[in-house]
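Each residue of the sequence shown is one higher than the one before, counting from 2 in my numbering. Single-structure report; data block below.
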Amino acid sequence: MAPQKALETIGKTLSYQYERWHARAKYKIQLDPTVEEVKKLCCTCRKLAKSERVLFHYNGHGVPKPTANGEIWLFNKSYTQYIPLPVRDLDSWLRTPSMYVFDCSAAGMVVNAFKELQDLTPSNSSGSSVRDCILLAACEAHETLPQSAEFPADVFTSCLTTPIKMALRWFCTRSLLHESLTYSLIDRIPGRQTDRKTLLGELNWIFTAVTDTIAWNVLPHDLFQRLFRQDLLVASLFRNFLLAERIMRSANCSPISHPMLPATHQHHMWDAWDMAAEMCLAQLPALIEDPKVEFQPSPFFTEQLTAFEIWLDHGSEYKKAPEQLPIVLQVLLSQCHRFRALVLLGRFLDMGSWAVDLALSVGIFPYVLKLLQTTTPELRQILVFIWTKILSLDKSCQVDLVKDDGHKYFIRFLDSEEAYPEQRAMAAFVLAVIVDGHRRGQEACIEAGLIHVCLRHLQDSTANEVQTEPLFLQWLCLCLGKLWEDFTEGQIIGLQADAPAIYGPLLSEPQPEVRASAVFALGTLFDIGFDSSSLSRDVGDEVSYDDDNDEDEKVKAEISIVKSLLDVVSDGSPLVRTEVAVALGRFAFGHNKHLKSVAAAILNHQPHSVLSSLPFFAIKGTTSGCTSANYYSHTGPILKAGGDSQSVVCDGRISTSNPLATSGVMHGSPVSDESSQHSDSGILTNCISNGVIDRAHSRHLDNGFYSQCVSAMCTLAKDPSPRIASLGRRVLSIIGIEQVVTKLTKSTGHVSSSESTTPPTSSLAGLARSSSLFDLNAGHLSMTFRTPPVSPPQPTYFTTGLRRVYSLELRPHLVSTPDSGLADPLLGSLGASGSSERSFLPKSTIYKWSCDHFTKPLLTAADDSNEIISKREEREKFAFDQILKCQHSSINKLHNQIAGWDTRFEAGAKITLLQPFSPVVIAADECERIRVWNYEEATLLNSFSNHDYPYKGISNLSLINELDDSLLLVASSDGSIRIWKDYSAKSRQKLVTAFYSIQGPRPGVPSLNAVVKWQQQSGILYASGKLSSIAVWDLDKEQRINSIPLQSECSVSAMSASLIHGREFAAGFTDGSVRLFDIRTPDMLVCATQLHTQKVVGMGFQPGLDPAKIVSASHAGDIQFLDFRHHRDAYLTIHAHRGSLAALAVHRHAPLIASGSAKQRIKVFNMDGEQLGTIQYYPTFMAQKIGSVSCLTFHPYQVMLAAGAADGCVSIYADEISSPRF
């Protein structure tokens, strides 16, 4: 072949080989070029490529080596001399992004020159930059290319452009098949590289998987993404570069790159390649001899999937990542392996967010995105699961999903009846993420009919008698809420489809998550004017409210929504009440003017209204000066009012009428009086006369309706949960009711709440996430309602089902006040003045909180750890042993005082409680200060305040889940319930949940004298007081499930829950009557009798398995023994104290009762009425009398009695000096 012809053939062949790797790229060849020709070529390519990468391939065979300065050699026009070309000039012509391939001896010289150029070039200069410059060089600066006949002269280029042929030619001389294989056979390998069913395609597929795996396992993930995932040609060249390194190192030549890669030529995956290649090549002679012979695929991918499956069985986040992950992605391209690979990939993603992150780093996204175009039915479920896991970590995928019409795939799956509800819930989650804050996603899903699909399934769920999967309902609600959130067109379609009526029944669902999600969806139906697209909508648009009829329909819909919200203002779940506050905030934002005038009228004309019972609010806009509300000068805020056009100075504090004109304030933040120049919650007043608050379509509704709304807002502002109360105050601030906080004073033993005046240590936004009652995978906090043992003969008594209590537990980064443990009330930040009005609205948290469910493992149940199970079994055994001792104990006089504790409660110890499995006693006083004491070590473990609201009064202390890490239930006299965890750890107590158990005429007033009883077996809480009914709460559902009418003028004064029959309890009344209730029966009232002449002070079911025997005591001093089954009169009466009985305690298992009087005396009786002993308080050596008995409580499993006195002392008595060790 003539030299010129050979030169042209080499150029064309190189161009053709590059086209196989990237066919759409444009290639230009310069053969033996001059400097001017190269310059013209580089400038032309850069102009055509614009911002794309340009590849420059230099074949330097036949010219001198590059110089030490990094110059490569070209020709002059007459080809009589070599002309050097500095890399600086080359870089200035090609600029970036660019890629260079230098196939010549001493190519490392050029790489070194480029590195020096990079060091000298400022990264922010306007000139050339090699920041995005990639180089591949055939050898080091001191090396010469191989001269062996085993390799072609351009071995480096051959490896980069024809890797399979080079790999096999190099391998066949080293294989056991070398005698039967020749180079000519390798050149005749049948098939195409793109056809994986042929031999050549199979080898190329395996080679790609092997080189990807090597790169992913040895490179940093960011470098792997840059070199192997961002550019198709770059990725192909770097895969082939790994082969070049392996082959050329065998000839003592080391290819190099920039960025530099670690050595990979000895990676063990090359052994897998060799084995797969050998098995494929073994078929080559037969395939060439007879083209009809069918090629047998390699077992390579099957074996690698098996290796990955083994890793899944034994691997974890803390072990080495599975090296087969890139191979798994390659397998997704094959139909025969795809299903298995997807299932294994789903298992891997389910291991946690770290696994999702790894999968994304290896390049999973384009693979699974393309698979959404398939219609294979068996892949649908696993694909939905995989996308659920991806979107739970990376929301940004929503754009690509909508772009490729991926949302339609999930809508079809959501609407299919064949899939399980849990899987359809995942589809709803994916769709919710697609539309979350993404206008194009909202529009696309509305066009695809998602609103009608979701509403139809919600409607069907309420019509069916069978309970629909709660997770499915929850995400249908959340999906719709996100779909029409701040999107007028979606809201209109939802209202036209009668969405409020469909959502109504969901507000009574037993799961708090479903109720909260339904409230969220209803709240987002309020149009608050933030839809930018609606502002530019044409006047003639069919979905607009231009006429009065449409406006009337919208007003009716808003009334319907608000009425539904008012029904759940007193829901037992903080999750639900939070969303109610957010929804009412959106409503208040659009009806600010009318709500404000109604609130002012209520305060001025109804001095005893609910609004006036709030001592910490003032109505902005009233002209009557300061109101006459209660004044708490030391313990609480003050009520102030002022005009809109002036500032009112109250106690040295200035309340500005236009807080928006001042610097931004953290909403609800505990800004101190000294530093605050305006109230911290007076955020939105009617000084905003323009814009969205007083929009034209915000019509005036009925004043009575507005009054109900204001009352509901005030109820939320006094919520026992500090965070919900802060949300309620934010809602009130929207309608012009502002807060003026006074500095709380700290007294001895009284800790300040999180609403103190200490500035926050960090900027917090949003409500803290909680862990759900129903989240069975939340294993770190034991919320199971484990029933304590009643009697040894019933070992199966412990097999009660799982029950969960909704948790308000803070996220780790939310810092609680050290002393109180209450949640910080910071609920959102306000920007500087002029920030978006939207930032002033309370923020919903149910969506982000619910998303956490999908970040946790879904394929494996989170069982209790062995340590927890072992601890529970140990406690059960201890309890059974102690119960036997209690039941067979001899006469117990309880005359030995084993411990004494001065609680330092000024008002005396109101209630005491003994922990069952540790030597700890808990005491509380009338001011709701709680202290925990170890009576063996005489050590104070913790001291905190139940709350810092002005209304004080303790009603009951109970333990929830005492077989596990128990929770402390604290009931206040106003009916509020607060449940604490970690209450015995110094300053580490956390509020788990809080709600009002009873709703009287004026909730929050101590005169309600709430009586509360917790029943562990059923998870039921009974609550009453100065009311005409008894509320029955299911803490599993966080819902009031019943209300028992009392049909009498007297109120409940004492209650006791049965230890034998769940849902059975007895109540004593102020008139001395006693009634037995069973909420399983239609009438609920089982029996009633008049046992006493005065108020019942205490009562309890008698120990043992007899469910109808009770003991009750009245203030007159008589103790009555009653068996409801046989007669309505007491079968035994004890006159224990003459008109001074103050407390009664009945032991769970031992036949003992104890009564205490205001005359410093405690008496102990058995169940036959025989007095076993008397504990008399004697004067001390200082001649000071000890206070009267205020409370008594027995240890659950031991013969031990704790007595609290009015002087604050708590004494513990036992028959033996040394009690059993716990």
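Think of the CB as a built atom: it goes at the ideal place given N, C-alpha and C, for glycine as much as any other residue.
*Out of curiosity, what's the CA-to-CA distance linking Gln-883 and Ala-1159?*
A straight-line Cα-Cα distance of about 32 Å links Gln-883 and Ala-1159.
*asked:* Per the DSSP calculation, Pro-951 is bridged to which residue(s)?
replied: Paired residues: none, contrary to the question.
_Same chain only: Cβ atoms within 7 Å of Ser-956, ignoring 5 sequence neighbours per side_ = Within the same chain, Ser-956 has close Cβ partners Ala-972, Ser-973, Ser-974, Ala-1011, Val-1012 and Val-1013.
*Cβ-based neighbour list, Val-131, same chain, cut-off 7 Å, excluding 5 preceding and 5 following*: With a pLDDT of only 42 at Val-131, under the threshold of 50, the placement of this residue in the model should not be trusted; the figure read from the coordinates follows. Closer than 7 Å at Cβ, skipping near neighbours: Asp-92, Thr-97, Phe-115, Leu-118, Gln-119 and Thr-122.
_Integer Cβ distance of Arg-1129 from Thr-1090, believed to fall under 8 Å_ = Yes, they are in contact, since the Cβ atoms of Arg-1129 and Thr-1090 sit about 4 Å apart, within 8 Å.
*Is the beta carbon of Gln-1199 within less than 7 Å of some heavy atom of the ligand GDP?*
This structure lacks the ligand GDP; in fact it carries no ligand of any kind.
*For Tyr-504, which residues from the same chain have a beta carbon less than 8 Å from its beta carbon, with the 5 sequence-adjacent residues on both sides left out?*
The residues are Leu-459, Cys-478, Ala-519, Ala-522, Leu-523 and Ser-565.
*For Leu-507, which option in Ala-142, Ser-462 and Gly-1073 has the closest C-alpha, if you only look at C-alpha atoms?*
Of Ala-142, Ser-462 and Gly-1073, the residue nearest in Cα terms is Ser-462.
_Rounded distance between the beta-carbons of Val-363 and Trp-217, thought under 8 Å_ = The Cβ separation is near 6 Å, so the contact holds.
*Taking only the alpha-carbon atoms, compute the straight-line gap between Ala-1203 and Lys-886 and give it to the nearest angstrom.*
So the alpha carbons of these two residues sit roughly 19 Å apart.
_So for Thr-1090, helix, strand or coil by DSSP?_
For Thr-1090, the three-state secondary structure derived from DSSP is strand.
*Whole-angstrom distance between Ile-1061 and Leu-1142, CA atom to CA atom*: Going from the Cα of Leu-1142 to the Cα of Ile-1061 covers about 28 Å.
*Among Gln-82, Thr-163, Arg-47 and Ser-1212, the one whose alpha carbon lies nearest that of Trp-22*: For the residues Gln-82, Thr-163, Arg-47 and Ser-1212, the minimum Cα distance to Trp-22 belongs to Thr-163.
_Range covered by the beta strand (DSSP E) that runs through Leu-137_ = The continuous beta strand (DSSP E) containing Leu-137 extends over residues 134-138.
*In whole angstroms, what is the alpha-carbon distance linking Arg-989 and Ile-980?*
Each residue's Cα considered, the two are about 14 Å apart.
*Ignore the nearest five residues each way along the sequence and tell me which others in Asp-542's own chain have a CB closer than 7 Å to its CB.*
Bear in mind that a pLDDT of 43 at Asp-542, under 50, signals an unreliable position, so the number given afterwards is only what the model happens to contain. Cβ neighbours of Asp-542 beyond the five flanking positions: none.
*How about Phe-1125 and Val-1087: are their beta carbons less than 8 Å apart?*
Contact: yes.
*Report the residue from Ala-1032, Asp-966 and Glu-72 whose alpha carbon sits nearest the alpha carbon of Arg-89.*
Among Ala-1032, Asp-966 and Glu-72, the Cα nearest to that of Arg-89 belongs to Glu-72.
*Hey, Phe-430 and Leu-380: beta-carbon distance below 8 Å or not?*
At the C-beta level, Phe-430 and Leu-380 stay beyond 8 Å of one another.
*Residues of its chain near Lys-409, where Cβ-Cβ distance is below 6 Å and the 5 sequence neighbours each way are ignored*: For Lys-409, where only same-chain residues beyond five positions count, the Cβ hits under 6 Å are Ala-449.
*Backbone secondary structure at Phe-76 - three-state DSSP*: In the structure shown, Phe-76 sits in a strand (DSSP, three-state: E or B).
*Under three-state DSSP, which class holds Arg-193?*
Coil at Arg-193, not helix or strand.
*Under the assumption that Asp-405 contacts Leu-432 (Cβ atoms under 8 Å), give the Cβ distance between them as a whole number of angstroms.*
The pair is not a contact, with the Cβ atoms about 15 Å apart (cut-off 8 Å).
*asked:* In this structure, how does DSSP classify Leu-914 when only helix, strand and coil are distinguished?
replied: Of the three classes helix, strand and coil, the one that applies to Leu-914 here is strand, per DSSP.
_Residue span of the beta strand (DSSP E) that contains Phe-1228, given as start and end_ = No answer is possible for residue 1228: the residues shown for the chain start at 2 and end at 1223.
*Which residue from Glu-295, Ser-335, Phe-296 and Ser-99 puts its Cα closest to that of Ala-210?*
It is Ser-335.
*Any idea what DSSP makes of Asp-314, helix, strand or coil?*
Judged by DSSP in its simplified three-state form, Asp-314 adopts helix.
*Would DSSP call Leu-1123 helix, strand or coil?*
Looking at Leu-1123 - three-state DSSP - the assignment turns out to be strand.
*Consult DSSP for Gly-63 and reduce its assignment to one of helix, strand or coil.*
Shown here, Gly-63 sits in coil according to DSSP, grouped into three states, outside any helix or strand.
*Hey, Ala-108 and Cys-140: beta-carbon distance below 8 Å or not?*
Yes. Within cutoff.
*asked:* Tell me which residues share the same chain as Cys-254 and place their Cβ nearer than 6 Å to its Cβ, disregarding the 5 neighbours each side in the sequence.
replied: Correct list, in chain order: Cys-140, Glu-144 and Pro-147.
*Since Ala-322 contacts Leu-359 with CB under 8 Å, what's their CB separation in whole angstroms?*
Confirmed, about 6 Å.
_contact_flag[the stretch 234-250, the stretch 296-306] where n(CB pairs < 8 Å) is 3 or more_ = Verdict: no, contact absent.
_Assuming the contact rule is C-beta atoms closer than 8 Å, Leu-136 and Ser-317 should be a hit. Round their C-beta distance to whole Å, please._
Not a contact, Cβ separation roughly 39 Å.
*Skipping 5 residues on each side, what residues in its chain have a beta carbon closer than 8 Å to that of His-338?*
Phe-302, Thr-303, Leu-306 and Val-332.
*asked:* On a Cα-Cα basis, can you pick out the residue from Asp-1037, Glu-486 and Phe-473 that is closest to Arg-440?
replied: In terms of CA proximity to Arg-440, Glu-486 leads the group Asp-1037, Glu-486 and Phe-473.
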